[in-house]
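Participant: The structure follows.
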Amino acid sequence: MSSESKKIKIGLEVHCQLTSLKTKLFCNSPSDYREKPPNTNICPVCIGTPGSLPVLNRNALNYATMVASSLNFEIMSHMIFFRKNYFYPDMSKNFQITQYDRAGGVPFAINGYILLNDGRKIRLGRMQLEEDPAKISYDGTIESSSETYVDYNRAGIALIEIVTEPDLESPSDAREFLNKLSSILEHLNVLDLGLEGSVRCDANISHRGGKRVEIKNISSFKEVERALNFEMTRQKSLASKGISVSQETRHWDDVRRITISLRLKEEEQDYRYFPETDLVPVTLSETFIEKINHDMPELPKEREIRFQQEYNHSSEIARVLVKDKYLADYSEKAAKESIAPREVGILLAVNLPPFLNEIGKDLKSLDVAPEHFAELADMISKGEVSRRSAKTIFLEMLKTGQKPRNIFDKKGLDVISDSKSIEDIVTKIFKDNPEAVKDAAKDTKAINFLLGKIMQETQGRVDPSIATKLVKQKLSVQ
Amino acid sequence: MTARILDIPVWEVVKKIANQEISSEDYISETLERIQKIDPKINAYITVIKEASLDKALELDKQIRQGKTVGRLAGLPIAIKDSICVKNIKNTCGSRMLENFVAPYNATVADKIIREDGIIIGKTNLDEFAMGTSTEHSYFGATRNPWDSSKVPGGSSGGSAASIASFEAALALGSDTGGSIRSPASFCSVVGLKPTYGAVSRYGLVSYSNSLEQIGPIARDVRSTAILMDCINGHDIRDSTSKNTVPQRFADIFKNTVKNLKIGVPNEFFGEGVQKEVHKSIWNVIHKIEKLGFHYEKTTLPLVKYALPAYYIIAMSEASSNLARYDGLRYGFNVLKNNLNWNTTFSKNRRNGFGDEVRQRIMLGTYTLSAGYFDQYYLKAQKIRTLIKQDFDRAFKKFDILVVPSMPILPFALGEKLNDPLSLYMCDINTVPANLAGIPSISIPCGLSSGLPIGVQIMAPPFREDLLFKAGYLFEENVTIDKSVGEFTNV
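Written out as structure tokens, the structure reads:
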């Protein structure tokens, strides 16, 4: 960690929809609101029709308990809901049913944490369960739009809010933290991170003990690092000019990729929190929590260890693989099909990411089956292809989705193993590069040049050790 | 058939309809005629459901003739307070805000009444959003007391109680947040029960103060009240605060007369605000009961003197939040002006859609929940509430029931207290303790003074409505009330 970035303090407030629930948090309207015509995924409860009453979705309790447990939280045994009162069209009742840590309230859970790869502990102050507001949209921007559109399809969706302490020291810390959090949530199967708007994040960041700036409306985890980088640079640049940063709330504009000042934070809004007595307090017994823990799916940390044991992955490879549940599941399918699971791990954790980065896609969008990776790993491990040919096949496979063996056959990439053919090639190279041969005879380091030429000539289909042996033999007889 | 059938006790009518001595058609027709004749003077109803009620009556009569089994409320005209949703019928809450709001669903109690073949004959007037003790704070005009139309009927369920007292319905539902069933029951000389908190589902009742209120039955006598309570109580998965127990059954409890009753009479309910006529009438009935061999003992519930302020703080706090949803965006009163931002629209809708009393309570409740005042008002009120509960718990270790006046004063003249909200709030002094403690409480007619009704209130431990019915029946049997002196109280 560089000394520069240590001067940065970042805290995150993460909202995740429990998209795997069938219904909303307090009514029977479906959780699956996306792609539906506006205001069709609603019922008297979630649009606050007079006389309607909320009823807690019991499955949401199970899910929240799983999340809290896997993030090392202490779960509060007494669960109560509070009303957060504010007038805004996104709240059908003009209050939100949420949880609160003051005024006699308790959050769902407190004192959790996530460990970063270097062992630093990112403390999670509290976690709570609450309802999602409706979605508001405009014609163009807030300023230019003559209308405000409200769609209650999302209103009442179960959300968990996780609040970190300001323990993150850089935007990349934030990325690592969110990757770990995502992977845990995905392994729990409580939400689908791929769904638009399923996770949202507010971030606060301060530089060198300066005033805290809150960035609102970061609509995906990927954007968080970007927003923080922008804000960090902005604050540093202000500081270098001797201008002090004001405490304010800024909005992340993900189109222009800048933060814009929303309001200076002079006073805190009074939400008049008080208990929601339409919902009765729920006691989460130890037996209940134990049962949830007992039935808990495998978490990334456990999976990482199992991957090392079961598939002989290195710890580094295993860690990369479990960072993303889709990748972990994919690698496991491939590893099971292969006689060389360790090779599979290398292909997926080391060779694949640079390719994906370059084309700007993710594994899901590639039309390549796990079996293809298994087949390629087997070919490498059996020595049927050289590393260099393997790379050619790998890239071709990713681009076209063809089976490695088909590419191999088509391109004639089999290893040249008979010594007569290799000798012919060596002879040709010696003849074409007389100067290099002279150099090599004097200095063994120069042998590499000749080997390079041989590899070039054969597209890497020669076993480098055989080629080296032959070159040395030929040099010694010259 | 004459209007005299309306005079038959309702618990008998339901039997007579079932065995074809009376047709539901006749009974409903008589009731509708009665409404048409006298309701312009009483204003008990906001909505009267004529054709559908008659159709239902004809259909029920047919089923009865065919020997089919019908429900326990078959053929009875039932009035429902206009803050309890009945599908496809306006649910105004006595407010301009919901003047044109049609309920998209049935409250659980409405479902239950329909299932038992009760006929919902109309929706009754109330103080706006049930906030009041006189039914004068309605956008649709005040309801008048059937005993003396210059007087208020009590409130906020004044329309329901008045409809019963004036024979404009057989049974009625009200809601009671701080006395809103017992106050009009007392002022109109009918029986009104506020059930235990959690005994009756609140689903479909428009919330005023959700931690205090319950829906309850109103009728002309105890046995008829019990019939309706029998049908509406019980657990409802749509109301998390409804208690998950087997529904209570009250229909058969009148077979055996009550023998032993340990009666407590707590001093705090006979304070200086209680008029001497009320005092006299309540003691009169207590002494009558004593002569029958039931002993009473004076007792004390010291914390009850803090009940009224605690009640108003909690009720207004909850109201400020419960009524926040009325902004005109999704339903309800809307100024419908273009080019206003949502903030201005909300303000205009709320400024014009709500009456003064509602706005006053919303503002006070917003204040008591605000940062800096929350602890000294809301939290303190909740602590007092807990202490009052404990007071009652202690009392009920010794007594089966507590007997007190329902209302401290006689029905007062319309407009008399409109400019004096504090004296109006004081009327709730004897009824709010039961709401704070969540215990059941019933008001039974116990006499008249200068032709104006007085009610006796009986309180019992949670889920002991049976005791209230038994004791209430005993009181009722020993009190005679001359209905002929009332303006609209005899048929």
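Each protein sequence line maps, in turn, to chains A and B. Number 345 in the numbering used here belongs to position 345 of the first sequence; there are no gaps in the numbering. Number 198 in the numbering used here belongs to position 198 of the second sequence; there are no gaps in the numbering. Note that beta-carbon positions come from the ideal geometry of N, C-alpha and C, so glycine has one too.
(1) If you count every other CB in all the chains shown that lies within 10 Å of the CB of LYS259(B), and 16 or more means buried, which is it?
(2) For TYR139(B) and chain A, any beta-carbon pair shorter than 9 Å?
(3) CA-CA distance, TYR367(B) and TYR378(B)?
(4) Quick one, which of ASN106(B), ALA52(B), ARG65(B), GLY75(B) has its alpha-carbon nearest PRO50(A)'s?
(5) What's the call for SER163(B), buried or exposed, on a 16-neighbour Cβ count within 10 Å?
(6) When you compare the CB of ALA328(A) with every CB in chain B, is at least one pair closer than 9 Å?
(7) To the nearest angstrom, how far is the alpha carbon of THR392(A) from that of ARG461(A)?
(8) For chain B, is any of its Cβ atoms less than 9 Å away from the one on GLY104(A)?
(9) Looking at the C-beta of ARG58(A), does it have a partner C-beta in chain B at a distance below 9 Å?
(10) Just the C-alpha distance for LEU352(A) and ALA390(A), rounded to the nearest angstrom, thanks.
(11) Would PRO133(A) be called buried (16 or more neighbouring beta carbons within 10 Å of its own) or exposed?
(12) State whether the segment 85-92 of chain B contacts the segment 314-331 of chain B, with contact taken as three or more CB pairs (one from each stretch) at a distance under 8 Å.
(13) Can you name, in chain order, every residue of its own chain whose Cβ lies under 6 Å from the Cβ of LEU292(B), other than the five neighbours on each side?
(14) Mind checking which residues open and close the alpha helix (DSSP H) that includes TRP342(B)?
(15) Report the partner residues of GLY112(A) according to the DSSP bridge assignment.
(16) Note down, in chain order, all residues in the segment 230-255 of chain B with a beta-carbon under 7 Å from any beta-carbon belonging to chain A.
(17) Beta-carbon of ARG361(B) versus every beta-carbon of chain A: anything under 9 Å?
(18) Do the segment 34-42 of chain A and the segment 62-78 of chain A touch if we need at least three Cβ pairs shorter than 8 Å?
(19) So, at 7 Å on beta carbons, what are the nonlocal neighbours of HIS137(B) in its own chain, with the 5 sequence-adjacent residues on each side left out?
(20) Below 8 Å, how does it come out for the segment 231-242 of chain B and the segment 263-270 of chain B: are there three or more Cβ pairs, yes or no?
(21) ASN343(B) CB to nearest chain A CB: under 9 Å?
(22) Select from ARG182(B), ALA170(B), ALA169(B) the residue whose C-alpha is nearest the C-alpha of PRO153(B).
(23) Examine chain B for any beta-carbon lying closer than 9 Å to the beta-carbon of SER29(A), and answer yes or no.
(24) Who are the neighbours of VAL109(B) on chain A, taking C-beta pairs under 9 Å?
(25) In chain order, which continuous runs of the alpha helix (DSSP H) of length 4 or greater are located wholly inside the segment 362-443 of chain B?
(26) Are GLN248(B) and GLU465(B) closer than 9 Å when you measure CB to CB?
(27) Do PRO341(A) and TYR311(A) come within 9 Å of each other at the CB atom, strictly closer than that value?
(28) Please say whether GLU161(A) and VAL45(A) have beta carbons closer to each other than 9 Å?
(29) List the residues of chain B that ASN94(A) touches, going by C-beta distances under 7 Å, in chain order.
(30) Cβ closer than 9 Å: which chain B residues qualify as neighbours of ASN85(A)?
(31) Could you check whether the Cβ of ARG351(B) sits closer than 9 Å to any Cβ belonging to chain A?
(32) Output the boundary residues of the beta strand (DSSP E) element that contains TRP147(B).
(33) Taking C-beta pairs closer than 9 Å, name the residues in chain B that LEU279(A) reaches, listed in chain order.
(34) Determine whether the Cβ of SER423(B) lies closer than 9 Å to any Cβ atom of chain A.
(35) Hey, does LEU205(B) have any beta-carbon neighbour from chain A nearer than 9 Å?
(36) Quick one: does ALA120(A) have its CB under 9 Å from some CB of chain B?
Facilitator: This is what the structure gives:
(1) By the 10 Å Cβ count, LYS259(B) comes out exposed.
(2) With a threshold of 9 Å between beta carbons, TYR139(B) makes no contact with chain A.
(3) One C-alpha to the other measures close to 10 Å.
(4) For the residues ASN106(B), ALA52(B), ARG65(B), GLY75(B), the minimum Cα distance to PRO50(A) belongs to ASN106(B).
(5) Counting Cβ neighbours within 10 Å, SER163(B) comes out buried, since at least 16 surround it.
(6) ALA328(A) does not count as touching chain B.
(7) So the two alpha carbons sit approximately 11 Å from each other.
(8) At a cut-off of 9 Å between C-beta atoms, GLY104(A) counts as an interface residue with respect to chain B.
(9) Closer than 9 Å: no.
(10) Cα to Cα, the separation comes out at about 13 Å.
(11) Classification for PRO133(A): buried.
(12) The segment 85-92 of chain B, when compared against the segment 314-331 of chain B, does not touch it at the 8 Å Cβ threshold.
(13) Nothing meets the Cβ criterion.
(14) 342-353 is the extent of the alpha helix (DSSP H) around TRP342(B).
(15) LEU124(A), per the DSSP bridge assignment.
(16) Answer set for the segment 230-255 of chain B: ILE237, ARG238, ASP239, SER240, THR241.
(17) No, ARG361(B) lies away from the interface with chain A (no Cβ there is under 9 Å from its Cβ).
(18) They do not touch, by the three-pair rule.
(19) Exclusion of the five residues before and after HIS137(B) leaves ASP127, GLU128, MET131, GLY355, GLU357 as the residues of its chain whose Cβ lies within less than 7 Å of its Cβ.
(20) Under the Cβ criterion (8 Å, minimum of three pairs), the segment 231-242 of chain B does not count as touching the segment 263-270 of chain B.
(21) Yes - at least one Cβ of chain A is within 9 Å of the one on ASN343(B).
(22) When each option's Cα is compared against that of PRO153(B), the closest is ARG182(B).
(23) No, its Cβ sits nowhere closer than 9 Å to a Cβ of chain B.
(24) In chain order: nothing, as chain A lies at least about 11 Å away.
(25) DSSP assignment within the segment 362-443 of chain B yields the following whole alpha helix (DSSP H) runs of 4 residues or more, N-terminal first: 380-398, 421-426, 432-437.
(26) In terms of Cβ geometry, GLN248(B) and GLU465(B) form a close pair [threshold 9 Å].
(27) Yes. Within cutoff.
(28) Not a contact, by the Cβ cut-off of 9 Å.
(29) Near ASN94(A) (Cβ distances below 7 Å), the residues of chain B are ALA324, ARG325, ASP327.
(30) Chain B residues near ASN85(A): SER320, SER321, ALA324, THR366, LEU369.
(31) Not one chain A Cβ lies under 9 Å of ARG351(B).
(32) Looking at the DSSP string, TRP147(B) is not in any beta strand (DSSP E), and its letter there is neither H nor E.
(33) Taking a Cβ-Cβ cut-off of 9 Å, the neighbours of LEU279(A) in chain B comprise SER240, THR241, given in sequence order.
(34) With a threshold of 9 Å between beta carbons, SER423(B) makes no contact with chain A.
(35) Chain A, which has a Cβ nearer than 9 Å to the Cβ of LEU205(B), makes this yes.
(36) Going by the sequence as given, residue 120(A) is Arg instead of Ala. Interface criterion not met: the Cβ of ARG120(A) is under 9 Å from no Cβ in chain B.
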